[in-house]
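The block underneath contains the structure these notes are about, expressed in structure tokens.
Protein chains: 2
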Amino acid sequence: MNGKLFTAEEAATLQDIIQQRRDVRGNRFTDRPLEPERVEQLLTAALHAPSVGFSQPWEFVVVNSPIIRQQIRESFDEANAAAQQAFSDRQAEYTRLKLEGILEAPLNIAVFYTPSQGPVLGQTSMPEVGLYSVVCAVQNMWLMARALNIGMGWVSILDADRVKRVLGAPESHRLVAYLCLGYTDGFYERPELEMLEWERRRDRNTVIRQV
Amino acid sequence: MNGKLFTAEEAATLQDIIQQRRDVRGNRFTDRPLEPERVEQLLTAALHAPSVGFSQPWEFVVVNSPIIRQQIRESFDEANAAAQQAFSDRQAEYTRLKLEGILEAPLNIAVFYTPSQGPVLGQTSMPEVGLYSVVCAVQNMWLMARALNIGMGWVSILDADRVKRVLGAPESHRLVAYLCLGYTDGFYERPELEMLEWERRRDRNTVIRQV
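Which chain is which? The protein sequence lines are A and B, in order. Be aware that the first sequence starts at 1305, since it is given in my numbering, and climbs by one per residue. Be aware that the second sequence starts at 1305, since it is given in my numbering, and climbs by one per residue.
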């Protein structure tokens, strides 16, 4: 067979990485900076994601500027204040949650979808699969971060158009993810929202069916 | 530190899996059936994907019925005939490509987004992140498949609403991915569309910038 044959042990390593990946928030990052070669490894993982028609419709913006980060954080603060209203019966509980790490994390990366000009193979019937390619790249980064013992959090409580303007992205680009990355003092044993009983893990039988 | 510390060797294994993952089409699947425990491993990987607000907004439909597969294949054929028109200058080249493995693959899995009722933590500003959680699950399956030396292909040239009806999914569900899975006679060294010069790999410097 062409291509490497992975061993059962290597598959078990992947299963471990998948199961121990966590969303890491700002109260868990340490000050230790990320080495440039680690950042390269994370981006390399992203760039080897699948993409529809091999279109690679993505841009990764590494955000170093403290002023820009502050502006992103302001967008979070506004969006989060609005979000709290939606959880009327659990507002106190919601307010206690730390939901981002924009200023605390040593590294921020914004990930954009950059639509292709002209038709893309495989994207003609379901145009949204271009965005999905970019999400696959984010998930690759998340798993690679965990394998490198680096924490990553995905911030989605943002005004996407405002973030786009702040980062000087072209009008045609679309924000898919805003990521906070850095070494952490630890990975929780289970998802934080499960541990806090915000949500329960769904029963396997309720989400899998056969036809 | 809480949580397992992965070694550099384990991180290198993940990097290998990521770089050697391929989209496998119908001309590459062998007849060897997938063992039930392998299917369970693939679904377990999916169910440990990140999801916004731990909402787990997904359903996985394992498609065994040959009649249903035939109907899905008909949707592909129609959508693909329409798609060819979009590639007017490369139509002959397009027609030669094998773009699905619906009938050839030993296993098909349709993956749906199942929107939550009521607000979801983290989904209040960018509602599309619910869909993105499901895509993360698909990417977990793709990597786990590769680690188990199983081929997977993502078919996106489909009428999503028709597939939904054929699979008896509720109106509120949304098709995210239709996957073909099975053992394969080999994984190409590079993405097939890169090898065939349909698209080139983009230069790293054009998709990464710093601010």
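Just so it is clear, CB atoms sit at the ideal spot from N, CA and C, and this is done for glycine as well. The model shown is predicted, which means the values in this text are computed figures rather than measured ones.
Original post:
From which residue to which residue does the beta strand (DSSP E) around F1380 (chain B) run?
Top reply: No beta strand (DSSP E) contains F1380 (chain B), which is instead part of the alpha helix (DSSP H) from P1370 to A1390.
Subject >> Cβ pair count under 8 Å reaching 3, the stretch 1467-1477 of chain A against the stretch 1414-1434 of chain A >> reply: Segments in contact, yes.
Original post:
Measuring CB to CB, does L1425 (chain A) end up less than 9 Å from G1357 (chain A)?
Top reply: Yes, the Cβ-Cβ distance between L1425 (chain A) and G1357 (chain A) is below 9 Å.
Original post:
With distances taken between CB atoms, is the gap from P1423 (chain B) to L1485 (chain B) smaller than 9 Å?
Top reply: Contact: no.
Subject >> Nearest residue (CA-CA) to Q1323 (chain B), options B:V1343, B:M1448, B:L1346 and B:Q1427 >> reply: Taking only the C-alpha atoms, the option nearest Q1323 (chain B) is B:M1448.
Original post:
Mind checking P1337 (chain B): buried by the 16 CB within 10 Å criterion, or exposed?
Top reply: Classification for P1337 (chain B): exposed.
Original post:
For the beta strand (DSSP E) that contains V1467 (chain A), what are its first and last residues?
Top reply: It is not in any beta strand (DSSP E) - V1467 (chain A) instead sits in the alpha helix (DSSP H) that spans A1464 to V1470.
**OP:** Please go through the stretch 1426-1509 of chain B and give each complete alpha helix (DSSP H) segment of 4 or more residues, from N-terminal end onward.
**Re:** Whole alpha helix (DSSP H) segments, 4+ residues: 1433-1451, 1464-1470 and 1496-1499.
**OP:** Select from the stretch 1337-1361 of chain B all residues with a C-beta closer than 8 Å to any C-beta belonging to chain A, and list them in chain order.
**Re:** Residues of the stretch 1337-1361 of chain B that bring their beta carbon within less than 8 Å of a beta carbon in chain A comprise Q1345, L1347, T1348, A1349, L1351, H1352, A1353, P1354, V1356, G1357, F1358, S1359 and Q1360, in sequence order.
**OP:** Please work out which residues of its chain come closer than 6 Å, Cβ to Cβ, to A1350 (chain B), disregarding the five sequence neighbours upstream and downstream, and give them in chain order.
**Re:** Counting only Cβ-Cβ distances below 6 Å, and skipping sequence neighbours, we find A1441, N1444 and M1445.
Original post:
Taking C-alpha atoms, which residue in A:G1405, A:V1433, A:R1505 and A:R1494 lies nearest to L1462 (chain A)?
Top reply: When each option's Cα is compared against that of L1462 (chain A), the closest is A:G1405.
Original post:
When burial is assigned at 16 or more other CB atoms within 10 Å of the CB, is N1306 (chain B) buried or exposed?
Top reply: Under this definition N1306 (chain B) is an exposed residue.
**OP:** From the DSSP output, in three-state form, read off R1513 (chain A) for me.
**Re:** Residue state, collapsed to three classes: strand.
Subject >> Where the beta strand (DSSP E) containing L1411 (chain A) begins and where it ends >> reply: Residues L1411 to Y1417.
Original post:
With F1364 (chain B) and V1415 (chain B) assumed to form a contact (beta carbons below 8 Å), what rounded beta-carbon distance in angstroms separates them?
Top reply: Their Cβ separation, rounded to whole angstroms, is 6 Å, which keeps F1364 (chain B) and V1415 (chain B) in contact under 8 Å.
**OP:** May I ask which residues mark the beginning and end of the alpha helix (DSSP H) holding V1366 (chain B)?
**Re:** For V1366 (chain B), there is no enclosing alpha helix (DSSP H); the residue is part of the beta strand (DSSP E) that begins and ends at W1362 to V1367.
Original post:
What are the residues of the stretch 1368-1395 of chain B that lie near chain A, defined by any Cβ-Cβ distance shorter than 8 Å?
Top reply: So the close ones are N1368, S1369, I1372, A1383, A1386, A1387, A1390 and F1391.
**OP:** Please name the residue, chosen from B:A1312, B:L1309, B:T1317 and B:T1334, that lies closest to M1456 (chain B) on a Cα-to-Cα basis.
**Re:** Answer by Cα proximity: B:T1334.
Original post:
F1333 (chain B) bridges to which residues according to DSSP?
Top reply: In DSSP, F1333 (chain B) forms a bridge with B:T1488.
**OP:** Just mark T1311 (chain B) as buried or exposed, buried being the case when its beta carbon has 16 or more other beta carbons within 10 Å.
**Re:** By the neighbour-count rule (16 or more Cβ atoms within 10 Å), T1311 (chain B) is not buried but exposed.
Original post:
Any C-beta of chain B sitting closer than 9 Å to the C-beta of F1491 (chain A)?
Top reply: The beta carbon of F1491 (chain A) sits closer than 9 Å to some beta carbon of chain B.
**OP:** Report yes if the C-beta distance between L1346 (chain A) and A1451 (chain B) is below 9 Å; otherwise report no.
**Re:** No, these two residues do not count as a Cβ contact at 9 Å.
Original post:
Where R1508 (chain A) and V1439 (chain B) are concerned, what is the direct C-alpha to C-alpha distance, given to the nearest angstrom?
Top reply: Taking the straight line joining both Cα atoms gives about 18 Å.
Original post:
Taking Cβ-Cβ distances shorter than 7 Å, what residues in chain A pair up with R1508 (chain B)?
Top reply: What R1508 (chain B) touches in chain A: L1351.
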